[in-house]
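The structure appears right after this line, and notes come after that.
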Amino acid sequence: MSLAVTLSRAQEGIAAPQVMVEVHLSGGLPCTNIVGLPEAAVREARDRVRVAIQNTAFEYPGRRVTVNLAPAELPKDGGRFDLPIALGILAASGQVPREKLDDCEFLGELALTGSLRSVSGVLPALLRARARGRRVVVPLENAAEAALVPDVDVRVADTLAEVCGWLRGAHELSMPVGIPSNGGADDGPDLADVRGQLQARRALEITAVGGHHLLLVGPPGTGKTMLAERLPGLLPPLSESEALETCAVLSVAGQVTDLARWRRRPFRAPHHTASAVALVGGGSYPRPGEISLAHNGVLFLDELPEFSRHVLEVLREPMESGHIMISRAARQSTFPAQFQLVAAMNPCPCGYAGDPRCQCTPDQIQRYRARISGPLLDRIDLCVEVPPVPLAELGTPRHERDEDSATVRARVLKARRQSLMRAGRPNAEISTRELERDCALGPAERRWFESALERLGLSARAYHRVLRVARTIADLDGGAALLEREHLAEALQYRRF
């Protein structure tokens, strides 16, 4: 029988659907055909595989070779199928035992010398293989990434010859060795470096507890970027499942580099010249954008009005849903995008509104602020002013009110624990029905709150978001069952813009 089947995984968003690589040898003129909706890189595998087999001292069959990648309707791209195709050809021609290919999946691109090169998307493939209880063979260059996934039998190889020797029983393939994680929250920027800015510090703490979005407004040099960079250090540590999901997005994007810090929450800060595709993802072969690379972390947009209006508007849907679906003519991919947005902007075009140096007219200031649409602002829970810090305060030793990240993080963890016990998720993510249960108001507080909302002209979305922020403030205040007026008043003051 000149038919062999090997197993591999395709890449579709952060999913990794199974691909059966069927290889059949038949009579006729020697040629190799690859079918099953292969893209250009997969079609070119026939030449890479042929030369790699010959340079590994195996015989490439002088027959008609047909390679089918099933399912046929799933697009296949990249060099990840080189290794399973080569093993299928060798098994179909009797050069390696066919039965050893059962219950084992293979990923890897072949060099012409027969060595294995790394591929992207190894983590999602390993997670899916673990669910099926299969062994996986990956290139040695992907060993550190493969070691992140527990409870899966992973073997690493440096060459095609090593894999073939393992299948023949000549030797064992090594297992990947993990890199010790040194990416705790304590090794990041410390909040103690920020002088003053008590209101901004308070807003940052509320943001960390509830998972809310934050807008910082102030002149240049007041510490907006410093505050944003310190938010990841205030957030609770990632669970193993969250860290693996975040790292899986990086794996698909080919950006898994510093694996020693894989348990740290991501912090992404794209430049304001970034395109919509760079921000949310896209391309003819959909790739994750900055909002997905910031999954379970922080997306910082400095100089918010300088971003294109079109670019900012694409943020609206993922800010609500926590994921982004990218649709193209040939394929559709969904990427997670559960990020916390922290944005910063100046109060006017020159940045010095209210200062004698400012020459901006009211019309210029209005046009500048109008670059940010009302629907986008409606989705930002907290807006806080960051005024200049007096120079005398900058030169003095750290005051006790300038708390460090560890102190604030302890309060954040205690307050967030209450929301997790109550709803199983941060307050920013609780549903409308859960709001009715968890954000109860007394009769007097309800009348006062509704009157304040009418005066401010807030929308129904803003109504729910203010309640969520008030719930977070109450959690920081000890977790009162009923929201008090002071909780509502503080939450409302963050809606001023």
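Note that UniProt numbering has the sequence shown beginning at 1, numbered continuously upward. Cβ atoms here follow ideal geometry from the backbone N, Cα and C, with glycine treated the same way. All figures in this text were calculated on a predicted structure; none of them were measured in a lab.
First and last residue of the uninterrupted alpha helix (DSSP H) at residue i
{"i": "T56", "result": "First-last for T56: undefined, no H or E at that position."}
{"i": "M175", "result": "No alpha helix (DSSP H) holds M175; DSSP gives it neither H nor E."}
{"i": "V23", "result": "It is not in any alpha helix (DSSP H) - V23 instead sits in the beta strand (DSSP E) that spans 18 to 26."}
{"i": "C247", "result": "240 to 253"}
{"i": "D153", "result": "D153 -> no alpha helix (DSSP H), and no H or E assigned at all."}
{"i": "G368", "result": "The displayed chain sequence assigns Tyr, not Gly, to residue 368. Its alpha helix (DSSP H) spans residues 362 to 369."}
{"i": "T207", "result": "198 to 210"}
{"i": "G169", "result": "Counting along the chain, G169 falls outside any alpha helix (DSSP H), and DSSP gives it neither H nor E."}
{"i": "R485", "result": "485 to 493"}
{"i": "V277", "result": "276 to 280"}
{"i": "D82", "result": "82 to 92"}
{"i": "E145", "result": "143 to 146"}
Residue i to residue j span [Cα, whole Å]
{"i": "L293", "j": "Q338", "result": "10 Å"}
{"i": "G108", "j": "L456", "result": "59 Å"}
{"i": "C360", "j": "R369", "result": "12 Å"}
{"i": "S115", "j": "P288", "result": "29 Å"}
{"i": "G94", "j": "P150", "result": "34 Å"}
{"i": "V49", "j": "T334", "result": "32 Å"}
{"i": "A269", "j": "Y352", "result": "24 Å"}
{"i": "E240", "j": "R263", "result": "8 Å"}
{"i": "A161", "j": "L69", "result": "23 Å"}
{"i": "P336", "j": "G297", "result": "12 Å"}
{"i": "A474", "j": "L127", "result": "39 Å"}
{"i": "H171", "j": "F106", "result": "18 Å"}
{"i": "L214", "j": "D302", "result": "12 Å"}
{"i": "G28", "j": "V65", "result": "9 Å"}
{"i": "E436", "j": "A444", "result": "17 Å"}
{"i": "A4", "j": "N33", "result": "15 Å"}
{"i": "D355", "j": "I365", "result": "14 Å"}
{"i": "S373", "j": "Q11", "result": "36 Å"}
{"i": "S174", "j": "W166", "result": "10 Å"}
{"i": "Q255", "j": "E39", "result": "22 Å"}
{"i": "A157", "j": "L110", "result": "12 Å"}
Local conformation of residue i per DSSP, three classes
{"i": "S451", "result": "helix"}
{"i": "G223", "result": "coil"}
{"i": "I380", "result": "coil"}
{"i": "T432", "result": "helix"}
{"i": "S405", "result": "helix"}
{"i": "T159", "result": "strand"}
{"i": "S8", "result": "strand"}
{"i": "P38", "result": "strand"}
{"i": "residue 500", "result": "Shown here, the chain extends from 1 to 497; a query on residue 500 therefore has no answer."}
{"i": "A269", "result": "coil"}
{"i": "L458", "result": "coil"}
{"i": "R132", "result": "helix"}
{"i": "R48", "result": "helix"}
{"i": "C31", "result": "strand"}
{"i": "V195", "result": "It should be noted that the sequence gives Arg, not Val, for residue 195. In the structure shown, R195 sits in coil (DSSP, three-state: anything other than H, G, I, E or B)."}
{"i": "E385", "result": "strand"}
{"i": "L413", "result": "helix"}
{"i": "S115", "result": "strand"}
{"i": "E109", "result": "strand"}
{"i": "residue 501", "result": "Summary: the structure shown does not reach residue 501, with the chain confined to residues 1 through 497, and so no result is reported for it."}
{"i": "L127", "result": "helix"}
{"i": "L441", "result": "strand"}
{"i": "L467", "result": "helix"}
{"i": "L3", "result": "strand"}
{"i": "A480", "result": "coil"}
{"i": "A15", "result": "strand"}
Assumed close pair residue i, residue j - CB separation to whole angstroms, cut-off 8 Å
{"i": "T432", "j": "I206", "result": "Contact flag wrong, Cβ pair sits at about 21 Å."}
{"i": "P176", "j": "V152", "result": "Not really, about 10 Å apart at Cβ, beyond 8 Å."}
{"i": "residue 503", "j": "V386", "result": "Given that the chain is displayed from residue 1 to residue 497, the structure contains no residue 503 and the question cannot be resolved."}
{"i": "K224", "j": "L216", "result": "4 Å"}
{"i": "V412", "j": "Q197", "result": "No, V412 and Q197 are not in contact; Cβ-Cβ is about 17 Å, not under 8 Å."}
{"i": "F81", "j": "V21", "result": "6 Å"}
{"i": "L191", "j": "D404", "result": "6 Å"}
{"i": "D378", "j": "Y494", "result": "No, D378 and Y494 are not in contact; Cβ-Cβ is about 13 Å, not under 8 Å."}
{"i": "R122", "j": "V138", "result": "A small fix is needed here, since residue 122 is Val in this sequence, not Arg. The Cβ separation is near 6 Å, so the contact holds."}
{"i": "P286", "j": "G36", "result": "With a Cβ gap of about 20 Å, P286 and G36 do not count as contacting."}
{"i": "L87", "j": "T6", "result": "5 Å"}
{"i": "L112", "j": "N55", "result": "6 Å"}
First and last residue of the uninterrupted beta strand (DSSP E) at residue i
{"i": "P139", "result": "135 to 139"}
{"i": "L214", "result": "214 to 217"}
{"i": "Q340", "result": "340 to 345"}
{"i": "E105", "result": "104 to 106"}
- Message: For a minimum of 3 consecutive residues, which ranges assigned as the beta strand (DSSP E) are wholly contained in the segment 285 to 333?
- Response: 298 to 301, 323 to 327
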